[in-house]
Every structure is written in structure tokens, then in C-alpha cells.
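Read top to bottom, the protein sequences are chains A and B.
The numbers in the first sequence follow numbering that gives the first Met the number 0, run straight up by one, and end at 221.
The numbers in the second sequence follow numbering that gives the first Met the number 0, run straight up by one, and end at 221.
Glycine included, every Cβ here is placed at the ideal spot set by N, Cα and C.
None of the values given here were measured: they were computed from a predicted structure.
Following: one structure in C-alpha cells, then a few remarks.
There are 2 protein chains.
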Amino acid sequence: MIKLVLSDIDGTITDSRRVLSSSASEQIRNVQDSGVIVSLVSGNVIPVMYTFRTYLGLKAPLFAENGGAMIEDSITQFFTMDRPMAFFRHLEKKGLAKGIMTNQWRLCSMGFDPLGTVENEISPLSAQYNVEITNSGFSWHILNVGQNKGFALHYLMERYGLRPEEVLVIGDNLNDIPMFMDGVRKAVPANAEEELKMRADYIARSGYGDGSAEILSSLESF
Amino acid sequence: MIKLVLSDIDGTITDSRRVLSSSASEQIRNVQDSGVIVSLVSGNVIPVMYTFRTYLGLKAPLFAENGGAMIEDSITQFFTMDRPMAFFRHLEKKGLAKGIMTNQWRLCSMGFDPLGTVENEISPLSAQYNVEITNSGFSWHILNVGQNKGFALHYLMERYGLRPEEVLVIGDNLNDIPMFMDGVRKAVPANAEEELKMRADYIARSGYGDGSAEILSSLESF
Chain A
0 MIKLVLSDID
10 GTITDSRRVL
20 SSSASEQIRN
30 VQDSGVIVSL
40 VSGNVIPVMY
50 TFRTYLGLKA
60 PLFAENGGAM
70 IEDSITQFFT
80 MDRPMAFFRH
90 LEKKGLAKGI
100 MTNQWRLCSM
110 GFDPLGTVEN
120 EISPLSAQYN
130 VEITNSGFSW
140 HILNVGQNKG
150 FALHYLMERY
160 GLRPEEVLVI
170 GDNLNDIPMF
180 MDGVRKAVPA
190 NAEEELKMRA
200 DYIARSGYGD
210 GSAEILSSLE
220 SF
Chain B
0 MIKLVLSDID
10 GTITDSRRVL
20 SSSASEQIRN
30 VQDSGVIVSL
40 VSGNVIPVMY
50 TFRTYLGLKA
60 PLFAENGGAM
70 IEDSITQFFT
80 MDRPMAFFRH
90 LEKKGLAKGI
100 MTNQWRLCSM
110 GFDPLGTVEN
120 EISPLSAQYN
130 VEITNSGFSW
140 HILNVGQNKG
150 FALHYLMERY
160 GLRPEEVLVI
170 GDNLNDIPMF
180 MDGVRKAVPA
190 NAEEELKMRA
200 DYIARSGYGD
210 GSAEILSSLE
220 SF
């Protein structure tokens, strides 16, 4: 029986333009009302997750910055800004990246728009700084090593004393792979990347928010 | 013909617990898709308004801190923090108020939970500091004089060259009164305060988000 749902936001409970899906929102609330813990994890910032928590009426902690920080009634920061900022400054100085608006609210990661190629110019440099580069499908992020959605999932499983088979994760993009762990139930909307679909127990018929609503409405089948 | 809709958020496009209304969200998008400018104004902070703008897919600028700051692709700050902060520190020192979580993201207002009585202890002191006190129904705010939802409405009317009769405002609480200006069309959900209902051209049959959805779905009648 599923006791915890951990879902991505962008492309998973939104449409392709990033607009929040009403059907997914409604199902999230239904699932929470049925007694299941519902949490969200995103590359976005704490005040954005504060907004989701308040205006979706969620009770569980939510995770920002790919798992690097958590909000409930107060904010918990699991990683620091030192390495991501140092690497971002380096990229900026070399003219390889431009910061994004939400950086002013970040605690332990930096977002960027690439001005150089990620594969050939940016990624190779990241090892020197001991940071990781991910893409949510909507923006690029510089993160500490170990700062990923799997970290958030581990935290929740420990906090609530859950076994893997009691957890359902939902995501669509490469940065969701760290929470697609062994033993955990995995579902994806139809727009998900091939690498996610390969790992999924269930692929929804619909894409984006409608796909996640479909998944959430049949939770008892997982 | 209505060319601009300016709406409050809390209690107006949410339910009584502050959860975003799906029906109001859908109608907001329909109205924008029909070519009407849709903006929101709230006592909440810029990153919360950033979240609404992104995840509702709104194109117009939105207003935070009761009109004191605006977000579109960048942030514009119309007022400063000097006076609100000075007054907040005074209240804190006297044990009359406690700060709220969103204060860390504020630019030109402070939110507080009263520890003393607002009417007898807090309001009388505000004149000394040349600040104003308002309540959104969900929290108390300290603002600069002139920093209110009417300021936001004036800004939008000037920017888009609109006459009062081309504007519809929707709100439910006392801090919405400054945008309930002469000549402007005014509508309220059924949960609105009596002072708003007295000024309204239309009172919806339903309360909260469902009431605002009802208003937005009959825009041609205003």
C-alpha cells in the first residue's frame, strides 16, 4: 500500500508551458485527504515551494533546489552555497553562463542559462569544482555532489519510517532519476524522457499533469 | 468592454483555507486567452507572485506587498523598506508583534502576527512612524503611506491607457478597498466583507474562488 507520493513539478504536474494542471492539483489533494503523505521536489527555490505548499494546502515538507533545502513551518538547509557559487562565478567570468531570476532566492544551488555548450565546455569544468550539473527540462542547475531528488526521498523514508514498496515517485525528466530507486514504485506521464520510461512501473496514457492525475487517481493499483 | 481584470488572491481565488481554486484558475486563463489583461495584487511577496505568474501562465505584471513591488521579467520596487522596518522593530521591541515567515523575501513592507491588540496598541503607534497597517484576512502588514492596491491599479491603467469603465476589480477584504475606485467595475465573491459588498456592482452567488470563477465567466455583462 502506498503511504507516500513524491512528485516532481515542472512537466509532471504542469502542462508543457509550465502552467499548473488543475486535474493534477485536484488529485494531489484527494490523495492527501485519503491519508497518504504527499510531497513535491523541484529544482526551484524555497519561496516557490512555500507557495505550492500554501496554495495546494499540502501538509508534508516540500523540497527545493533538487532536495538541497526543505520547507515546512520553517526552512531546513541540507547543503551550502559555497561550491555552486564558486563554479557559477567561474562560468560567468568565462562568458559560458548567465544567471536566472530565481538565483536571488537560492540557498545551495545556482540556476543558469548556458551561453556555451554544456556537453563540451560547461560539464567538463564541473569536476574541478566538485559540483554536479542537471537540467529540469526548464532550466540548468549547479548542485553539490549528493544533492538530488534521491536525497529528498531518503530523508522522507527515514522520517516517516517507510519501506521502498510503500513509496510512489512521479517524474518526467533526467533529474528525477535519483529518486527512481530500487524497490520504489515509479510512474511517469507520457511526456517523460525515454530513460525514465525504461525505469517506470507505469506509463500514463496522457502526458504532463493529466498523466499524473491519471496515476494519482489509481493509487491503489500500485 | 472590460480590458483589464485586477484581482486579489487570498479569499478571492482561493478557498477559505487559502487553497487555490481550480475553477478560478481555469477562468483566469480563459479570460486572458480571450485577450483581456489579467493581473493579480496581493499582500504576499515577490517570489510568491513569481510563482503565480509562472504557474498560472499570466503575461501581465503582478503586484506583491499590496502594490509596493511588481514582477514581470524583472522586478520593480516602488516603495522602500525604511519606514515599515523601523515600525516593525519598534513593535518587536515592545513585545507587540512577531514577524512572519515571508518577511525574509520582503522589499518594502513587513508582515506580523499581533501579540498586542491592533486597535488599541499597534494602530495608534503607526501614525508616529508614518506607516499604514492592513489585514488581508490572512495576515497583518505594515506599509508605506500610499502603498496599496489602488496604486497598482493606477499604474496598470496608465501603462495600458485604460479608462475606469474598462477595468474590473475583484476582491473580498478591507485591503482591497483602495482599488474599488470610482468608475471602475467592482465584483466580489459571496464571502466578501460587508464594506466591499456595499461598494460592489456585482455580488457572486458563490463564495471564494467559485464566486470569482462565476464573475470571470460572465465578463461581457460588466
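Contacting residues, own chain, Cβ-Cβ under 6 Å from residue i (five flanking each side not counted)
i              : result
T75 (chain B)  : M69
P163 (chain A) : G182 and V183
A212 (chain B) : S22, A23 and Q26
A191 (chain A) : D171
E120 (chain A) : L95
Listed by chain order, chain B residues near residue i by CB distance under 7 Å
i              : result
S21 (chain A)  : S21, S24 and E25
G136 (chain A) : Those do not exist, as G136 (chain A) stays about 14 Å from chain B at its closest Cβ, beyond 7 Å.
is_contact[residue i, chain B] using C-beta, thresh 9 Å
i             : result
F62 (chain A) : no
Y49 (chain A) : yes
Assumed close pair residue i, residue j - CB separation to whole angstroms, cut-off 8 Å
i              : j              : result
K148 (chain A) : M178 (chain A) : 4 Å
S21 (chain B)  : I12 (chain B)  : No, S21 (chain B) and I12 (chain B) are not in contact; Cβ-Cβ is about 10 Å, not under 8 Å.
S108 (chain A) : L152 (chain A) : No, S108 (chain A) and L152 (chain A) are not in contact; Cβ-Cβ is about 17 Å, not under 8 Å.
V18 (chain A)  : L55 (chain B)  : 7 Å
E64 (chain A)  : R16 (chain A)  : That belief does not hold up - the Cβ atoms of E64 (chain A) and R16 (chain A) are roughly 23 Å apart, past 8 Å.
V35 (chain B)  : L3 (chain B)   : 7 Å
F51 (chain A)  : Q146 (chain A) : Contact doesn't hold; Cβ gap of about 20 Å is too wide.
G232 (chain B) : D171 (chain B) : Residue numbering for chain B in the displayed model covers 0 to 221; residue 232 (chain B) lies beyond these limits and cannot be assessed.
G208 (chain A) : A23 (chain A)  : 4 Å
T133 (chain A) : L167 (chain A) : Not a contact, Cβ separation roughly 22 Å.
8 Å Cβ cut-off: residues of chain A touching residue i
i              : result
L55 (chain B)  : V18 and L19
W104 (chain B) : P46 and W104
T13 (chain B)  : Y54
CB contact below 9 Å: residue i versus chain A
i              : result
T101 (chain B) : yes
R28 (chain B)  : yes
S73 (chain B)  : yes
Same chain only: Cβ atoms within 7 Å of residue i, ignoring 5 sequence neighbours per side
i              : result
I99 (chain A)  : G110, F111, D112 and S138
A189 (chain A) : I202, A203, R204, S205, G206 and G210
I214 (chain A) : I169, A186, Y201 and A203
D175 (chain A) : D7, K148 and L195
A85 (chain A)  : Y128
L155 (chain B) : L3, L5 and S38
P83 (chain A)  : C107, S108, M109, V130, I141, L142 and N143
Y49 (chain A)  : I70
S122 (chain B) : I132
Beta-carbon proximity list for residue i, same chain, < 8 Å, skipping 5 on both sides
i              : result
G94 (chain A)  : L114 and G115
E165 (chain A) : M0, I1, K2 and L3
L57 (chain B)  : I27, Q31, V37, S38, L39 and F51
Y159 (chain A) : K2, L3 and I36
heavy atom of the ligand FAD below 8 Å from residue i C-beta
i             : result
A96 (chain A) : Among the components modelled here there is no ligand, and therefore nothing to report on the ligand FAD.
Does the stretch 19 to 34 of chain A come close enough to the stretch 110 to 127 of chain A that 3 or more CB-CB pairs lie under 8 Å?
-> no
Is the number of C-beta pairs between the stretch 35 to 55 of chain B and the stretch 197 to 208 of chain B that are closer than 8 Å three or more?
-> no
Counting pairs of Cβ atoms below 8 Å between the stretch 121 to 132 of chain B and the stretch 87 to 94 of chain B, do you hit three or more?
-> yes
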